[in-house]
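Novice:
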Amino acid sequence: MEKWQSLFDGFGFNLLIFFGTIIAAVPLGLVITFCTMSRFKPLSYLSKLFVWIIRGTPLMLQLFVFLYGPGLLLGIPMKSRLTAAFIAFIINYAAYFSEIYRGGIESISKGQYEAGQVLGLTKRQVFSKIVLFQVIKRIVPPMGNEIITLVKDTSLVRIIGVAEIIMSAERFSKQGFIWPLFSTGLFFLAMCGLLTLLFNYIEKKLNYYHT
Amino acid sequence: MAILEVKNICKSFGDTEVLNGVNFSMEKSEIIAVIGSSGSGKTTLLRCINFLETATEGEIWVDGECIFDAKDKRKITAEEMRKRQLNFGLVFQSFNLFPQYSVLENVTLAPKLMAKERPDYKTHKKEIFAEIEENAKELLDRVGLSDKLGSYPCELSGGQQQRVSIARALALNPKILFFDEPTSALDPEITNEILKVIKDLAKKQITMIIVTHEIEFARSVADRIIFMNEGVVLEDGTPDEVINNPKNERTKAFLSKML
């Protein structure tokens, strides 16, 4: 019983990272998208460089960078491992989300913008009243995919010593109990199952029209 | 006074010159059909007048007011731009309805957003919206879609979608309504459905410029026909002058293929 309790406690960290990343990376990704799509070239190049670096290096390595980097480079040691984990996850996932958003925005036909313009809508109104909803409908499937990946990626934080579920279970395997380690799969399966149901529901809700 | 004056409009994309100095003017309640082969610049002309492209040279005047001058490089405010834009309404070849909105919402979206700027918006929102919806329903009734108010564009035929987009353009009361090949994306059978709607608008004295490939339709509905070729107006006259007695060999050759 005490072993299950320890698994639940560990999974609490996974959920914490998961929800924290979703809450911060979803809007941050949009900011990055706007930078990437900006007509101000230096900003756009900088943003593309950033996305390339983040997507081109392992998240595991980024965890180390955000844990040790501040101390080594800036002389301000990272006090909390959890904070380093949050920063790495938020930045990493925001970069991936930004590319999904960009694909969604670019897939909307020019005609939709033009129709809005000739009807006298401002650029902002065209985006918020016409384009945004269509983008959301298009990005739900790839976002679902990415978010399910995030659930499982949260276990990477053990590499910098955050006691998430797999790290908790490993302690028991050293004592000769292997089943807690395998049981961790159930937690991930349950969480991904719930998310799959949620995303199916959203997709269905948005399916009242097709293009 | 002319409601619209187009003076020496030129447009090039890179090295390709599409419009080489287009000139014409029109009176209120007049209906002009613009004909010409593909690549003659008809659609580009329409897009330049409607601010979807920026002409490289020339001026556009509406009701004696200059709303576009290629020489004037000053930045105009978004608000001013929108005011100029709203002189015109445009019906696209590919409809461009908003798929997530119902038929009625497609027509009311822009007027409702516009109403936000009225000083009495906050106090009379309900009445203003009711009025906008009433007007939209009337327009949709006029194009024969009063039984489709709650439908979504994807549930409609091409002809029905195009009729919604006509109602949507009319909802803002433009001074001039433009049609960019409104029947080119439709079956020949459905084409008549749209042409009937346009003829009905003609009876209501709506000022229109229609880019079309339907010569017979142009002849029957237009007061004037403009024939464009290689980016210039080659003929400009009554249907009888342009279609029955064209002055240019190029016009004759075009018409012999079309009729």
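So the sequences go chain by chain: A and B. All residue numbers for the first sequence refer to the numbering used here, where the first residue is 1 and numbers rise by one. All residue numbers for the second sequence refer to the numbering used here, where the first residue is 1001 and numbers rise by one. Glycine included, C-beta positions come from ideal geometry on N, C-alpha and C.
1. Between ALA94(A), GLY71(A), TRP179(A) and LEU194(A), which lies nearest to TRP4(A) when the distance is taken from Cα to Cα?
2. Out of curiosity, what's the CA-to-CA distance linking LEU119(A) and ILE53(A)?
3. Should TYR209(A) be flagged as near chain B, meaning a C-beta pair shorter than 7 angstroms?
4. Rounded to the nearest angstrom, what separates GLY1237(B) and ASP1147(B) at their Cα positions?
5. So, under 8 angstroms CB-CB, VAL1062(B) and LYS1175(B) are touching, yes? Tell me the CB distance rounded to an integer number of Å.
6. From which residue to which residue does the alpha helix (DSSP H) around GLY29(A) run?
7. Sorted by chain position, which residues of the same chain lie with C-beta nearer than 7 angstroms to SER38(A)'s C-beta, five sequence neighbours on each side aside?
8. So, at 7 angstroms on beta carbons, what are the nonlocal neighbours of ILE202(A) in its own chain, with the 5 sequence-adjacent residues on each side left out?
9. Closer than 7 angstroms, CB to CB, is PRO1174(B) near chain A or not?
10. What's the C-alpha gap between VAL1107(B) and MET60(A)?
11. What's the C-alpha gap between CYS1010(B) and VAL151(A)?
12. Would you mind working out which of THR1056(B), VAL1034(B) and ALA1185(B) sits nearest ASP1015(B), comparing C-alpha positions?
13. Less than 8 angstroms between C-beta atoms, sequence neighbours within five positions excluded: which residues of the same chain meet that for SER173(A)?
14. List, in chain order, every chain B residue whose beta-carbon is nearer than 8 angstroms to that of LYS204(A).
15. Any Cβ of chain A within less than 7 angstroms of the Cβ of SER1094(B)?
16. When burial is assigned at 16 or more other CB atoms within 10 Å of the CB, is PRO42(A) buried or exposed?
17. Mapping DSSP to helix, strand and coil, what is LEU1097(B)?
18. Please state whether DSSP places ASP1245(B) in a helix, a strand or coil.
19. Based on Cα-Cα distance, which residue from ALA84(A), PHE11(A) and ALA95(A) lies nearest to PHE50(A)?
20. Taking the straight line between their C-alpha atoms, what separation do you get for ARG55(A) and ALA88(A)?
21. For the region 125–159 of chain A, which residues have a CB atom closer than 7 angstroms to at least one CB atom of chain B, in sequence order?
22. Does the region 1074–1081 of chain B come close enough to the region 1022–1034 of chain B to have 3 or more Cβ pairs within less than 8 angstroms?
23. Below 7 angstroms between beta carbons: does that hold for ALA190(A) and PHE97(A)?
24. How many Å lie between ALA84(A) and THR36(A) at the Cα?
25. Taking only the alpha-carbon atoms, compute the straight-line gap between ASN1135(B) and ARG1163(B) and give it to the nearest angstrom.
26. Give the interface partners of ALA1078(B) over in chain A, defined as CB-CB distance under 7 angstroms, in chain order.
27. Return the chain-ordered list of same chain residues with a C-beta closer than 6 angstroms to the C-beta of ILE1067(B), the five sequence neighbours on each side being excluded.
28. Residues of the region 1136–1164 of chain B with a CB closer than 7 angstroms to any CB of chain A: list them in chain order, please.
29. In terms of residues, what are the limits of the alpha helix (DSSP H) holding LEU59(A)?
30. Does any residue of chain A bring its CB to less than 7 angstroms from the CB of LEU1186(B)?
31. Can you tell which of LEU1097(B), LEU1149(B), GLU1241(B) and CYS1154(B) has the C-alpha that lies nearest to the C-alpha of LYS129(A)?
32. Cβ closer than 7 angstroms: which chain B residues qualify as neighbours of GLY176(A)?
33. Over what stretch of residues does the alpha helix (DSSP H) that includes ALA1002(B) continue unbroken?
34. Determine the direct distance from the alpha carbon of PHE1092(B) to that of PRO1119(B), and round the result to whole angstroms.
35. Hey, would you say ILE1166(B) sits closer than 7 angstroms to VAL1197(B), going by beta carbons?
36. Among ARG138(A), GLY69(A), LEU46(A) and LEU16(A), which has the Cα closest to the Cα of ILE100(A)?
Specialist: From the atom records:
1. As a working mapping, residue 4(A) is identified with position 4 in the first sequence. Among ALA94(A), GLY71(A), TRP179(A) and LEU194(A), the Cα nearest to that of TRP4(A) is on TRP179(A).
2. Within the first sequence, residue 119(A) is the residue found at index 119, counting from 1. Within the first sequence, residue 53(A) is the residue found at index 53, counting from 1. Cα-Cα distance, rounded: 41 angstroms.
3. What you label residue 209(A) is simply residue 209 of the first sequence in a count that begins at 1. At least one chain B Cβ lies under 7 angstroms of TYR209(A).
4. The residue given as residue 1237(B) occupies position 237 in the second sequence. The residue given as residue 1147(B) occupies position 147 in the second sequence. Between GLY1237(B) and ASP1147(B), the C-alpha separation is close to 40 angstroms.
5. For the purposes of this step, residue 1062(B) is taken as the residue at position 62 of the second sequence. For the purposes of this step, residue 1175(B) is taken as the residue at position 175 of the second sequence. About 7 angstroms; that satisfies the 8 angstroms criterion.
6. Stepping through the first sequence from its first residue, residue 29(A) is reached at position 29. It spans 2–36 - the alpha helix (DSSP H) in which GLY29(A) sits, taken as one unbroken run.
7. Here residue 38(A) refers to the residue found at position 38 of the first sequence. Here the set comprises SER44.
8. Position 202 of the first sequence, counting from 1, holds the residue named residue 202(A). For ILE202(A), where only same-chain residues beyond five positions count, the Cβ hits under 7 angstroms are VAL140.
9. Walking along the second sequence from the start, residue 1174(B) turns up at place 174. Answer no: the Cβ-Cβ gap between PRO1174(B) and chain A never drops below 7 angstroms.
10. Locating residue 1107(B) in the second sequence gives position 107, counting from the first residue. Locating residue 60(A) in the first sequence gives position 60, counting from the first residue. Taking the straight line joining both Cα atoms gives about 52 angstroms.
11. Position 10 of the second sequence holds residue 1010(B). Position 151 of the first sequence holds residue 151(A). Their Cα atoms are separated by approximately 57 angstroms.
12. As a first step, residue 1015(B) must be located in the second sequence, where it is residue number 15. Among THR1056(B), VAL1034(B) and ALA1185(B), the Cα nearest to that of ASP1015(B) is on THR1056(B).
13. Residue 173(A) sits at position 173 when you count from the first residue of the first sequence. Answer for SER173(A): PRO180 and LEU181, listed in chain order.
14. Position 204 of the first sequence holds residue 204(A). The premise fails here: LYS204(A) is roughly 15 angstroms from chain B at the closest Cβ pair, so nothing lies under 8 angstroms.
15. Along the second sequence, read from residue 1 onward, the residue named residue 1094(B) stands at position 94. It does; some Cβ of chain A falls within 7 angstroms.
16. If you number the first sequence from 1, residue 42(A) lands on position 42. PRO42(A) is exposed by the Cβ-count criterion.
17. In the second sequence, counting from the first residue as 1, residue 1097(B) sits at position 97. It is coil, neither helix nor strand.
18. Locating residue 1245(B) in the second sequence gives position 245, where the first residue counts as 1. The sequence given here places Asn at residue 1245(B); Asp does not occur at that position. It is coil, neither helix nor strand.
19. Working through the first sequence from its first residue, we reach residue 50(A) at position 50. Residue ALA95(A) is the option with its Cα nearest to PHE50(A).
20. The count along the first sequence starts at 1 and reaches residue 55(A) at position 55. The count along the first sequence starts at 1 and reaches residue 88(A) at position 88. Approximately 12 angstroms between the Cα atoms of the pair.
21. GLN125, LYS129, ILE130, PHE133 and GLN134
22. no
23. If you number the first sequence from 1, residue 190(A) lands on position 190. If you number the first sequence from 1, residue 97(A) lands on position 97. Not a contact, by the Cβ cut-off of 7 angstroms.
24. In the first sequence, the residue the question calls residue 84(A) occupies position 84. In the first sequence, the residue the question calls residue 36(A) occupies position 36. Rounded to whole angstroms, ALA84(A) to THR36(A) spans 25 angstroms at the Cα level.
25. The sequence position of residue 1135(B) within the second sequence is 135, counting from 1. The sequence position of residue 1163(B) within the second sequence is 163, counting from 1. Near 15 angstroms, if we compare the C-alpha coordinates of ARG1163(B) and ASN1135(B).
26. By one-based count along the second sequence, residue 1078(B) stands at place 78. By Cβ distance, chain A contributes THR122.
27. Counting from one through the second sequence, the residue named residue 1067(B) turns up at place 67. Same-chain partners within the cutoff: ILE1060 and ARG1084.
28. TYR1152 and CYS1154
29. For this step, residue 59(A) is matched to residue 59 along the first sequence. Run containing LEU59(A): 59–69, per the alpha helix (DSSP H) assignment.
30. Along the second sequence, one-based indexing puts residue 1186(B) at 186. Closer than 7 angstroms: no.
31. Numbered from its first residue, the first sequence carries residue 129(A) at position 129. Out of LEU1097(B), LEU1149(B), GLU1241(B) and CYS1154(B), LEU1097(B) has the C-alpha closest to the C-alpha of LYS129(A).
32. For the purposes of this step, residue 176(A) is taken as the residue at position 176 of the first sequence. In chain order: nothing, as chain B lies at least about 58 angstroms away.
33. Taking the first residue of the second sequence as 1, we reach residue 1002(B) at position 2. Here ALA1002(B) belongs to no alpha helix (DSSP H), and DSSP marks it neither H nor E.
34. Position 119 of the second sequence, counted from the first residue, corresponds to residue 1119(B). Position 92 of the second sequence, counted from the first residue, corresponds to residue 1092(B). Those two C-alpha atoms are separated by around 32 angstroms.
35. The residue labelled residue 1166(B) in the question sits at position 166 within the second sequence. The residue labelled residue 1197(B) in the question sits at position 197 within the second sequence. Closer than 7 angstroms, so yes.
36. Counted from its first residue, the first sequence places residue 100(A) at position 100. That would be ARG138(A), whose Cα lies nearest to the Cα of ILE100(A).
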